[in-house]
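Notes follow the structure.
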Amino acid sequence: MNNVYIAGAAVHPFGKHKTLSAATLGVSAAAALLADTGVTPDAIQAGFVGSVYGGSLIAQRILQRVGVSGQPVFTVENACASGGSAANLAWQGVAAGVYDCVLVVGVENLSAFGGGTLPLTTADIEIDQGVVMPATYAMRAQRYLHETGATVADLTNVAVKNRSNGALNPRAHLRKAVTAEEVEASRPVADPFNLFHCCPNSDGAAAVLLCSEAFAKQLGRPTARIRASVVRSGQFHTSYRDMTWPDITDRTASAAYEMSGIAPADLDLVELHDAFAIAEFLHAEALGLTERGKAYRAVADGEFAIGGRVAVSPSGGLLSRGHPVGATGVTQLAEAYWQLIGTAGDIQVPNAQVALTHTTGGGIFGVDNGACSIHILTAED
Amino acid sequence: MRNETAPTGVATRVVAAEYFTHGDDGVHLRITECRNCSSRWFPPGAICSRCAGTNLTDVNSGTTGVAYASTVVRVGPPGFPAPYVLSYVDIDGVRVLAHTEGDSALTPDTPVALTLGEVGNEDGTPLVSYVARAISDGVGIQTEGDR
Numbered sequence: 001m002n003n004v005y006i007a008g009a010a011v012h013p014f015g016k017h018k019t020l021s022a023a024t025l026g027v028s029a030a031a032a033l034l035a036d037t038g039v040t041p042d043a044i045q046a047g048f049v050g051s052v053y054g055g056s057l058i059a060q061r062i063l064q065r066v067g068v069s070g071q072p073v074f075t076v077e078n079a080c081a082s083g084g085s086a087a088n089l090a091w092q093g094v095a096a097g098v099y100d101c102v103l104v105v106g107v108e109n110l111s112a113f114g115g116g117t118l119p120l121t122t123a124d125i126e127i128d129q130g131v132v133m134p135a136t137y138a139m140r141a142q143r144y145l146h147e148t149g150a151t152v153a154d155l156t157n158v159a160v161k162n163r164s165n166g167a168l169n170p171r172a173h174l175r176k177a178v179t180a181e182e183v184e185a186s187r188p189v190a191d192p193f194n195l196f197h198c199c200p201n202s203d204g205a206a207a208v209l210l211c212s213e214a215f216a217k218q219l220g221r222p223t224a225r226i227r228a229s230v231v232r233s234g235q236f237h238t239s240y241r242d243m244t245w246p247d248i249t250d251r252t253a254s255a256a257y258e259m260s261g262i263a264p265a266d267l268d269l270v271e272l273h274d275a276f277a278i279a280e281f282l283h284a285e286a287l288g289l290t291e292r293g294k295a296y297r298a299v300a301d302g303e304f305a306i307g308g309r310v311a312v313s314p315s316g317g318l319l320s321r322g323h324p325v326g327a328t329g330v331t332q333l334a335e336a337y338w339q340l341i342g343t344a345g346d347i348q349v350p351n352a353q354v355a356l357t358h359t360t361g362g363g364i365f366g367v368d369n370g371a372c373s374i375h376i377l378t379a380e381d
Numbered sequence: 001m002r003n004e005t006a007p008t009g010v011a012t013r014v015v016a017a018e019y020f021t022h023g024d025d026g027v028h029l030r031i032t033e034c035r036n037c038s039s040r041w042f043p044p045g046a047i048c049s050r051c052a053g054t055n056l057t058d059v060n061s062g063t064t065g066v067a068y069a070s071t072v073v074r075v076g077p078p079g080f081p082a083p084y085v086l087s088y089v090d091i092d093g094v095r096v097l098a099h100t101e102g103d104s105a106l107t108p109d110t111p112v113a114l115t116l117g118e119v120g121n122e123d124g125t126p127l128v129s130y131v132a133r134a135i136s137d138g139v140g141i142q143t144e145g146d147r
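The listed protein sequences derive, respectively, from chains A and B. Just so you know, the UniProt record's numbering puts the end of the first sequence at 381, numbered straight through with nothing missing. Just so you know, the UniProt record's numbering puts the end of the second sequence at 147, numbered straight through with nothing missing.
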């Protein structure tokens, strides 16, 4: 396989953009990426666009407006892992030598659905019973607290940490740090979660440029190398499952560590799919960042802070940066890229050399999550 | 779903009607067991989702299980006026998401019985389906409404 690099990134800041359609947000990010890198549309050989609710041909509706018109382009849907999955397909194309330069976009406008919980549009037996995403994660949280001895205060620590990080990120949706008292006074959503234990429904878009070594050299811009790109799907069954151990993250991470030859202890930062506060504990453990059942202590002890043992979600994570679902996996890559080239500003992790990005997509019964994508990136000297 | 008229004359809609039976002793889930790989599936189906075998047999669950985890939903979707309690119930080899009687989450590992009850309300029509009720010493705990 050929080496694959990220040679540029752009984000339309996340937030509530009621008047901007998903396509408009995507055009904004893609145009900013082309302008920033100086890459002309004719040099883009393929495009992959991750989106859940963007509708038919969202890839064309975005890319053709910035001159990427006529090339092969694909809309990729894998729930909250859509953006990460789009990047994986782009990576495959460059790694295989099919393409030298590929544009990846992730985009979503959730304001179109109004407020409340994320709409679950695929009829299944749990949705028919009135399940919502916060309820599923709330039950995982209840069981984790029951088994580990962690408390709601530990969940609150995650929200406080990630909101504190996001307050410094100009691309984040929620840019105000919160205290533990404010988290615990926020509106109850699904016991034991209050509103600030849950990520906001956001609008936004992100874009990254993936390219071959030859293309990167010619472009002459700062790069980060993609050392692993892995997608896995959930293992469907309807019998008893351990909901405190996201096996999909374990399986995806194991493959990524093997592909890259990088171990969890090598990571300087992780952008983790903290759609709800409990997710940081579940996935940090499955990613091997800490012993099983101990992630809540790692957060309490500051190990996952910027400047800690491994920075988890220095960009603010989904809890603060926001979660325009299809855009999340791509914006994680953008944030990791900026960390590794040393331009992350106020959220810069000191001497960041190795980064991991992680998304999981849920919303169907019979699996804890339907899809997971993981990328491991390293700085290039 | 199935439209029915209850003895009271109130029209109700049964959610997941084809997936369970209801008798005097409570609700029995219709489970599919694969004769090839022994996997159990709920809701029932014609193909095993592990080995793709079609040699399947129907198994009716008992009426009691154990709550694996539980939550009070305080922001629900249309048709499900919040707050309401949901639990994952482990019963005879399958895990089912069920509405749960009461106003607080069940402690993990609480024994429950499956019964028929209201789970939601769609434009004035009550939605009914299987519902979990905490039990102690084999007897369903009476709710305020039952007394």
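Using N, Cα and C, we set each Cβ at its ideal position, and we do this for glycine too. Bear in mind the structure is a predicted one, so any value in this text is a computation, not a measurement.
Proximal chain B residues relative to residue i, where beta-carbon distance stays under 7 Å
i, result
"V131/A", "L86 and L97"
"T117/A", "V75 and P77"
"A138/A", "T71"
"D191/A", "T71, V72 and A105"
Contacts of residue i in chain B (Cβ-Cβ under 9 Å)
i, result
"P188/A", "V72, R74, V75 and P83"
8 Å Cβ cut-off: residues of chain A touching residue i
i, result
"residue 153/B", "Beyond the ends of chain B as shown, which are 1 and 147, falls residue 153/B; an answer cannot be given."
"V112/B", "The premise fails here: V112/B is roughly 14 Å from chain A at the closest Cβ pair, so nothing lies under 8 Å."
"F80/B", "G130"
"R50/B", "H237"
Own chain residues within Cβ distance below 6 Å of residue i, not counting five before or after
i, result
"S129/B", "V15, A16 and V119"
"G138/B", "For G138/B, the pLDDT reaches just 48, beneath the cut-off of 50, and the residue's location in the model is therefore unreliable, leaving the point undetermined."
"G45/B", "T32"
"L168/A", "D346 and I347"
"T64/B", "A113"
"A255/A", "V230"
"R163/A", "A177, V178 and S320"
"A159/A", "V183, F196, H197, A277 and L319"
"A23/A", "R61 and I62"
Euclidean distance between Cα positions of residue i and residue j
i, j, result
"D368/A", "I248/A", "8 Å"
"V59/B", "R241/A", "20 Å"
"A82/B", "C198/A", "18 Å"
"L97/B", "Y88/B", "5 Å"
"I376/A", "T357/A", "7 Å"
"H173/A", "L25/A", "14 Å"
"A86/A", "G124/B", "43 Å"
"V330/A", "A207/A", "6 Å"
"L20/A", "G114/A", "14 Å"
"A190/A", "R251/A", "29 Å"
"R171/A", "W41/B", "44 Å"
"E122/B", "C211/A", "52 Å"
"A123/A", "V94/A", "36 Å"
"S39/B", "V131/A", "25 Å"
"T343/A", "E335/A", "10 Å"
"S61/B", "L120/A", "29 Å"
"T148/A", "P222/A", "43 Å"
Cβ pair residue i, residue j closer than 7 Å
i, j, result
"Y337/A", "A224/A", "yes"
"A327/A", "V107/A", "yes"
"L318/A", "D346/A", "no"
"R35/B", "T57/B", "yes"
"S28/A", "H17/A", "no"
"S313/A", "L272/A", "yes"
"A7/A", "L219/A", "yes"
"G84/A", "S373/A", "yes"
"V94/B", "G117/B", "no"
"A355/A", "L340/A", "yes"
"P43/B", "I125/A", "yes"
"S111/A", "D203/A", "yes"
"A69/B", "Q142/A", "yes"
"Y5/A", "A216/A", "yes"
Amino acids of chain B, ordered along the chain, whose beta-carbon sits closer than 8 Å to that of residue i
i, result
"Y99/A", "Result: empty, since nearest Cβ-Cβ is about 35 Å, beyond 8 Å."
"A135/A", "T71, V73 and L86"
"R241/A", "R95"
Contacts around residue i, its chain only, beta-carbon distance under 7 Å, and the 5 residues preceding and following it disregarded
i, result
"V52/A", "E77, A79, S82, E108, V325 and G326"
"S260/A", "R227, A228 and I376"
"Y84/B", "V73, G76 and H99"
Listed by chain order, chain A residues near residue i by CB distance under 7 Å
i, result
"P108/B", "Q142, R143 and H146"
"D90/B", "Y240"
8 Å CB neighbourhood of residue i in its chain, flanking five on each side removed
i, result
"Y257/A", "A228, A263, P264, G288 and I376"
"T40/A", "L34 and G67"
"E285/A", "W245, E291, R292, G293, K294 and A295"
Interface residues of chain A facing residue i [CB-CB closer than 9 Å]
i, result
"F20/B", "Residues of chain A passing the Cβ test: none, with the nearest at roughly 11 Å."
| said: Under 8 Å, with one C-beta from each stretch per pair, do the region 299-313 of chain A and the region 226-233 of chain A reach the 3-pair mark? | reply: no
| field | the region 27-44 of chain A touching the region 98-116 of chain A, judged by at least three CB pairs closer than 8 Å | value | yes
| Can you find at least 3 beta carbon pairs, one from the region 179-191 of chain A and one from the region 59-67 of chain A, that sit closer than 8 Å? | no
| message | Assess contact between the region 21-29 of chain B and the region 66-75 of chain B, defined as three or more Cβ pairs (one per stretch) separated by less than 8 Å. Is contact present? | response | no
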